[in-house]
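Please read the structure below before turning to the comments.
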Amino acid sequence: MMQRVVIIGAGHGGVQAAASLREEGYEGEIVMISPEQDLPYQKPPLSKGYLKGEQTEESLLFRSSHFYEDQKIMIKYGVIVDSIDIQSNRVALSDGVTIEYGHVIIATGAENRKLKQDGQEVSNVYYLRTLADARLIQEKMTSAETIVTIGGGFIGLELSAIAAEKDKKVTVIEPQTRLMERVLPKMISEVFFRAHLEKGVEVLLQTGVDYIDGHEVNLSNGTTLQADMILAGIGVIPVTGLAESAGIKCDNGVLVNEFQQTNIPNIYAIGDCANHFNPFAGKSLRLESVQNAVDQARTAAAHIVGKETPYQAVPWFWTFQYHLKLQMAGISADYEQAVVRGDQESGKFSVYYYKGDSLIAVDSLNKPADHLNARKLIQQGLSPSPDQVSDLTFNLKEIVA
Amino acid sequence: MPKVTYIQTDGVEKTVDLPLGATIMEGAIQNDVKGIVAECGGSCMCATCHVYVDEAFAGMLPEKEEEELEMLQGANAELLGNSRLGCQIRISKPLDGMVVKVPSKQ
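One line per chain: the protein sequences are Z and C, in this order. If you read the first sequence in the numbering used here, its first letter stands for residue 11, the second for the next number, and so on. If you read the second sequence in the numbering used here, its first letter stands for residue 125, the second for the next number, and so on.
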């Protein structure tokens, strides 16, 4: 087989896949195709340290440019893959070049869902995905005084928190009954809700957007807001068009097995775009997180060099807003019982989620040690009892192997 | 630029120049120091940039904040008096020549 891996995408998954292939001793060529012009960088700090002005662009880089040279990882910038020909094992690039491959790793990620009206994308709305997006937001936010954020999920709220800290007048519009409803229980949503109010952010729940007209945002409650800047964080869509046209099976993402293989054995998919069976969720899903991208990249790289180590990593996520640092381990969606450890009033506590007698997830608010331990508990399938969890004198670390 | 020496997990020392203000974690990642994982990219979220700071320099660093201490308590390698998270140490002129040892596991 041709000794060349083509990695499509240069985000967390793509870069980790390249690095892991070398760590695993892969000696063939590695070509990474990036649609962007920037040296590969980390996305999570964009909506945190970078836009706050605490992190430079250089500090976002995964690796310096000489790392890729030393490791013989070739990166093609500003190029997209137009097609994958699974018969001839070739990818065709937008710059006209065709590359033969032994393996392909699809790490195309996800793209922002865009607001539409009258069948058209609404112009004048800012979304965050890439460093280029962040630069535009930073520039616009400097001159804006009033900001309307559409969507009370992680990205919308992180951006709103940064704007509020820059003394902007911020309004968040969220159609659900509470913030981050899809992923968080009520008691944690409310902590964030109060924090935003305390910082002067207006949060309009159960409110939709009817129509955007220039700088006017017309709401479902009949009011109209004036906004110098409109931000939106309303979810993402996996980028699967390339895989679909190549005849690779997709269903809310590219379908993969526990080794990240698609139905075409020498084509893998990882990260936000990969729909996999997740043992910690007990079902097939896509995860949008650094952890998932990185661990799936390691799994795919290992498999390419002949090591069968199935993807079995505990999912974890985080968000920062103001002084609130929330770390999530496991998938809490199907929980039946929630047990609090610590004092909710103090703003430092963790919530342990059970399905039956099994601990399935833990959310830790300003309790990083709880979070790290929770990842070990869940990974090892250990379920301290609810009584032990709520008893602060019981040391949960001691039960971890 | 100040120099920092990393004693890697395989025992091999690697000395690199760090721009003022860069963190020990960033220096490790950009120079491919073995044994520093930095899963979270410097957000003090994952405790995978744990290092042991040479005693001669450990006392010159700002005290650990509660958050860093809590994270270190959850780190996978033994917590010692000179344990720090690389993402929380910013390099300055007085730290020129600092030596940090990477633990055997993160």
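Glycine residues also receive a C-beta, built at the ideal position from the N, C-alpha and C atoms.
So residue i is in the alpha helix (DSSP H); what residue range does that whole segment cover?
i	result
Z/V315	Segment: none, Z/V315 is in no alpha helix (DSSP H) and carries neither H nor E.
Z/N134	Careful: Z/N134 lies outside any alpha helix (DSSP H) and carries neither H nor E.
Z/H206	K196 to E208
Z/Q148	L141 to S153
Z/Q347	Premise fails: Z/Q347 lies in the beta strand (DSSP E), Q347 to D353, not in any alpha helix (DSSP H).
Z/G23	H22 to E33
Z/N99	Neither: Z/N99 is in no alpha helix (DSSP H) and is coded neither H nor E.
Z/G436	In the structure as shown, chain Z begins at 11 and stops at 411. Residue 436 of chain Z is therefore absent and cannot be evaluated.
C/L219	No alpha helix (DSSP H) contains C/L219, which DSSP labels as neither H nor E.
Z/P378	P378 to Q389
Z/L167	F164 to E175
Within 8 angstroms of any Cβ in chain Z, is that where the Cβ of residue i sits?
i	result
C/M125	no
C/A201	no
C/S228	no
C/E163	yes
C/G183	no
C/A171	yes
Taking the alpha-carbon positions, what's the residue i to residue j distance?
i	j	result
Z/I147	Z/P50	20 angstroms
C/K229	C/G135	13 angstroms
Z/G162	C/I131	45 angstroms
C/A146	Z/E110	40 angstroms
Z/Y321	Z/H76	30 angstroms
Z/L103	Z/S74	25 angstroms
Z/D220	Z/G166	18 angstroms
Z/V361	Z/V349	6 angstroms
Z/G24	Z/T403	44 angstroms
Z/I341	Z/S294	12 angstroms
Z/L336	Z/L382	12 angstroms
Z/G366	Z/E408	23 angstroms
Z/Q354	Z/F202	13 angstroms
Z/A171	Z/A379	25 angstroms
Z/K179	Z/A154	9 angstroms
C/T139	Z/Y137	41 angstroms
Z/D397	Z/Y60	41 angstroms
Z/I198	C/M195	21 angstroms
Give a yes or no on whether the minimum CB-CB distance between residue i and chain C is below 8 angstroms.
i	result
Z/S393	no
Z/V325	Val is not the amino acid found at residue 325 of chain Z; the sequence shown has Pro there. No - not a single Cβ of chain C is within 8 angstroms of the one on Z/P325.
Z/V372	no
Z/Q52	yes
Z/K58	yes
Z/V304	yes
Z/P185	no
Z/Q331	no
Z/Q322	no
Z/P55	yes
Z/Q130	no
Kindly give me the distance between the Cβ atoms of residue i and residue j, rounded to whole angstroms, as I take these residues to be in contact under 8 angstroms.
i	j	result
Z/L141	Z/I183	With a Cβ gap of about 26 angstroms, Z/L141 and Z/I183 do not count as contacting.
Z/I244	Z/N134	That belief does not hold up - the Cβ atoms of Z/I244 and Z/N134 are roughly 15 angstroms apart, past 8 angstroms.
C/V226	C/I160	6 angstroms
Z/V227	Z/T217	Contact doesn't hold; Cβ gap of about 10 angstroms is too wide.
Z/Y332	Z/Q347	The Cβ separation is near 29 angstroms, so there is no contact.
Z/H22	Z/Y278	At roughly 15 angstroms, the Cβ-Cβ gap does not stay under 8 angstroms, so Z/H22 and Z/Y278 are not in contact.
Z/A303	Z/A343	In fact, because the Cβ distance is near 20 angstroms, the residues do not count as touching under 8 angstroms.
Z/E168	Z/K82	Their Cβ separation, rounded to whole angstroms, is 37 angstroms, which puts Z/E168 and Z/K82 out of contact at 8 angstroms.
C/V175	C/R208	6 angstroms
Z/A120	Z/E298	6 angstroms
C/I148	C/G198	At roughly 19 angstroms, the Cβ-Cβ gap does not stay under 8 angstroms, so C/I148 and C/G198 are not in contact.
Z/I160	Z/A173	Wrong, their Cβ atoms sit about 13 angstroms apart, outside the cutoff.
Along the beta strand (DSSP E) that carries residue i, what are the first and last residues, could you check?
i	result
Z/L241	M239 to A242
Z/I284	According to the sequence as given, residue 284 of chain Z is Ala; it is not Ile. Start and end: A284 to N288.
Z/E184	K179 to E184
Z/M84	I83 to K86
Z/S455	Residue 455 of chain Z lies beyond the stretch modelled for chain Z, which goes from 11 to 411, so this question has no answer here.
C/Q197	C/Q197 -> not in any beta strand (DSSP E); alpha helix (DSSP H) instead, spanning E190 to Q197.
C/I148	It is not in any beta strand (DSSP E) - C/I148 instead sits in the alpha helix (DSSP H) that spans I148 to Q154.
Z/I160	T156 to I160
Residue i CB to nearest chain A CB: under 8 angstroms?
i	result
Z/F77	Absent here is chain A; the protein component of the structure consists of chains Z and C.
Practice problem: Name, going along the chain, the residues of the region 135–158 of chain C whose beta-carbon falls closer than 9 angstroms to a beta-carbon of chain Z. | Solution: P143, G145, A146, T147, E150, I153, Q154, N155 and D156
Exercise. Please name the residues in the region 67–80 of chain Z whose beta-carbon is closer than 9 angstroms to at least one beta-carbon of chain C, in chain order.
Key: E68, S69, L70, L71, F72, R73, S74, H76, F77 and D80
Quiz item: According to a CB-to-CB cut-off of less than 7 angstroms, which residues of the region 196–225 of chain Z neighbour chain C?
Solution: none
Quiz prompt | Contact residues within the region 379–407 of chain Z, judged by C-beta distance below 7 angstroms to chain C | solution = A379, L382 and N383
Quiz item: Which residues, in chain order, does the region 191–223 of chain C contribute to contact with chain Z at a C-beta distance below 7 angstroms?
Solution: E191, E194, M195, Q197 and G198
Quiz item: Along the region 226–250 of chain Z, what residues have a CB closer than 8 angstroms to any CB found in chain C?
Solution: none
Exercise. Report the residues of the region 330–360 of chain Z with a CB closer than 8 angstroms to any CB of chain C, ordered along the chain.
Key: F330, K335 and Q337
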